[in-house]
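The structure appears right after this line, and notes come after that.
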Amino acid sequence: MATETAPNIPSECLGHGIEETDKGRAAIKTQFLTTKEQFHALLDSGEKCLHGEKASDDTGQKETAEDSFEEPQEKKLKVDPDEQERTGKQDSKRMRGQNKSRPHMKPTSYDTRRLCPSIIQREAKCVFGDKCKFFHDVAEYMASKPADVGERCYLYDTFGKCHYGLSCRFARAHISADLKNLVNEERVEEMLGRKPVRNSLDKDLQWRLRKKVVPFTASDAYMKSVFKGGPKEAKKAQSADNVKTIGPLTDTDIIKLRQGEKKQCGNLPFRRICKRFGADITCGEMAMCTNLLQGQSSEWALLKRHESEDLFGVQVEGCFPDTMTRCAELLNNNIDVDFVDINSGCPIDLVYKKGGGCGLMTRTNKFQQIITGMNSVLDVPLTVKIRTGVQEKTNIAHKLIPEMKTWGVSMITLHGRSREQRYTKSADWDYINTCSQLASPIPLFGNGDILSYVDAMKARETNVSGIMLARGALIKPWIFTEIKEGRNWDISSSERLDILRDFTHYGLEHWGSDTQGLEKTRNFLLEWLSFTCRYIPVGLLERVPQRINERPPYYFGRDYLESLMASQHVGDWVKISEMLLGPVPTNFNFLPKHKANAYK
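If you're matching positions, the sequence shown starts at 1 in the UniProt record's numbering and goes up one per residue.
Set out below in structure tokens:
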């Protein structure tokens, strides 16, 4: 077999690799392996090393811009007394999880000199008059406005008009010499009547929610039946004939691919990327039912649905029957969805300690009341996501699933790990298979460790009705195409950059093309890059496919961009964002929600 070499990378830049047999590490071809120092020397020197020039030996001594992206000092972990008694010792410093003490920079902090909305739209008079805190002098604003990022505005090209006008960071594409916002009438007419995004929060509904004047007739009737006759009477009220089911799936040649929710990353622009690559079902990010009932705009934004999402559901979390039933009735009457999902698999402490998420699996009476109540007020199917259990070696899903069948669940999604495991060790697909047999004829989707079509084929050998992808889709969203076409896609770095560029376009459409929207898009892009950096190109692997829990050693890509995309350093992710969204603001700071060294 002919040997491959890393193209354009001189021998002095190549280091000695680790042994292929190192446990927990991906097996990468020897010619691409290097050391940490040489890897960062290549990235710091830019294109120099690729063009045959030796990287400077003192590059590590110079202070670079990336040095500002340091992780904050980790807080001491507080351990519950019962957990400390069970383990017998205080947890040592953990290198996984979240950067809980990271600085939070709001996108508005990068845009201190903002133009008044009345000037941007040129359709309304400012109601604040002299008390308005925004700019009204267009000439002064334009003089202080940051330079435009690009020559073309995606919003103007797509819709014929950019509603951000003078504040757009691509304004030169649609602003005339006399500072008028241009309109492409032909394109506007083509888009007339089209509504790309649905499920926005109506201002009138928001006001009524905040004043608590929204009626919940069906929910109140259900709760009265619960308090009057107890759970048994409520269960009788929900007859088997009224249960709305999705399946079972009868065509064994078809495995539905569900792109799962992922907080901070499962946003609408990302779901559009997944749909483009072949995801069958998409689900929104987890929304707190109490926040939805309070009319919080940020929480309602998680329910938005793009027109490309032909089978779309929303996921809610809560721990009490009254609030969850009311939330279900609210969603049923005000948004367009194909199913509603209960997240009873969320492992985070904030949710679990209140009795929600995984906590519902151990509170079966409340869980039953929630499912029965939500089913009684919904016109669409109700699905549930669960884990194998709470404790690592104590599975309880197999006991819960037969009961859930009688409660009226239309579909179950099972993550093959317990709450204690989080994402450590491998998902238990043998247990998922056992549970899928217990769930029949109700469809059960399996979730865990799917990163290639080979993993998906193994999942198809079980009795699951479909597969849910979360981390796998974040690491490589083209996995949906790989599964449907049955191949390993050796995607190039330029193709991957095009995917990121499409994401930024969708982000600018979703969050806005002004400075605030652009920086919000950058923030979500950087969060996503904390996952995409874990992908190892197929052509570099000694053993195909890549496994999701194997961490890569330091390696060079086949070109500079591929090497840059392999970096797990925040500063290098910022470089990629600057290729697509221009330079970061002078006061820019970012740390990912999920730690970059999650492999450790």
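Beta carbons: idealized from backbone N, C-alpha and C, even for Gly.
In this structure residue 451 touches residue 546 by the C-beta definition: roughly 6 Å separates them, less than 8 Å. Around the C-beta of residue 221, fewer than 16 other C-beta atoms lie within 10 Å, and the residue is accordingly described as exposed. Scanning its chain for C-beta atoms nearer than 7 Å, with the 5 sequence neighbours on each side dropped, one finds around residue 395 the residues 388, 389, 431, in chain order. Secondary structure of residue 197 (DSSP, three-state): strand.
For the pair residue 491 and residue 537, the CB atoms are nearer than the 9 Å cut-off. Taking the CA atoms as reference points, residue 157 sits about 46 Å from residue 461.
The straight-line gap separating the alpha-carbon atoms of residue 41 and residue 502 is approximately 30 Å. Relative to residue 426, the option among 548, 583, 289, 36 whose CA is nearest is 548.
Residue nearest to residue 581 within the set 139, 45, 147 is 147 (criterion: CA-CA distance). For residue 315, the enclosing beta strand (DSSP E) starts and ends at 312-317. Per DSSP, residue 135 is not a residue of any alpha helix (DSSP H), being assigned neither H nor E. Counting every other CB atom within 10 Å of its CB across the protein chains shown gives residue 341 a total of 16 or more, marking it as buried. Using a 10 angstroms sphere on the CB of residue 195, the tally of other CB atoms stays under 16, which defines it as exposed. Inter-segment contact for the region 208-215 and the region 285-304 is present: three or more beta-carbon pairs are separated by less than 8 Å. When secondary structure is reduced to three states using DSSP, residue 299 falls in the helix class. Distance from the CA of residue 583 to the CA of residue 214, rounded to the nearest whole angstrom, comes to 46 Å.
Look at residue 507 here: in three-state DSSP terms it is helix. Membership of residue 512 in any alpha helix (DSSP H) is not indicated, and neither H nor E is assigned to it by DSSP. The closest CA to that of residue 143, considering only 113, 119, 154, is found on 113. Per DSSP, reduced to three states, the secondary structure at residue 423 is coil, with no helix or strand assignment. Annotation for residue 364: the continuous alpha helix (DSSP H) segment containing it runs 364-377. Under DSSP, residue 446 takes part in a beta bridge, and its partners are 414, 467. Taking a C-beta distance under 9 Å as the contact criterion, residue 348 and residue 506 do not qualify as a contact pair. Inter-residue distance for residue 134 and residue 514 is about 15 Å (C-alpha atoms, whole angstroms). Counting C-beta atoms within 10 angstroms of its own C-beta, residue 219 has 16 or more neighbours from the protein chains shown and is therefore classed as buried. Cβ-Cβ separation between residue 385 and residue 343: approximately 5 Å, consistent with a contact (criterion under 8 Å). Taking the C-beta atoms as reference points, residue 315 is found no nearer than 9 Å to residue 279. The beta carbon of residue 39 sits closer than 6 Å to the beta carbons of 554 from its chain, once the five residues preceding and following it are set aside; these are given in chain order. Straight across, the Cα-Cα distance linking residue 184 with residue 165 is about 13 Å. Judged by their CB atoms, residue 367 and residue 413 are not nearer to each other than the 9 Å cut-off. Following the DSSP letters along the chain, one finds residue 339 inside the beta strand (DSSP E) bounded by residues 339-344.
Within the DSSP bridge table, the entry for residue 551 names 25 as partners.
Annotation for residue 154: 505, 508 place their beta carbon closer than 6 Å to its own, counting only its chain and skipping 5 residues before and after.
About 6 Å separates the beta carbon of residue 28 from that of residue 541, a gap short enough to meet the 8 Å contact definition. DSSP places residue 285 in the uninterrupted beta strand (DSSP E) bounded by 281-288. Assigned with DSSP and collapsed to three states, residue 384 falls in strand.
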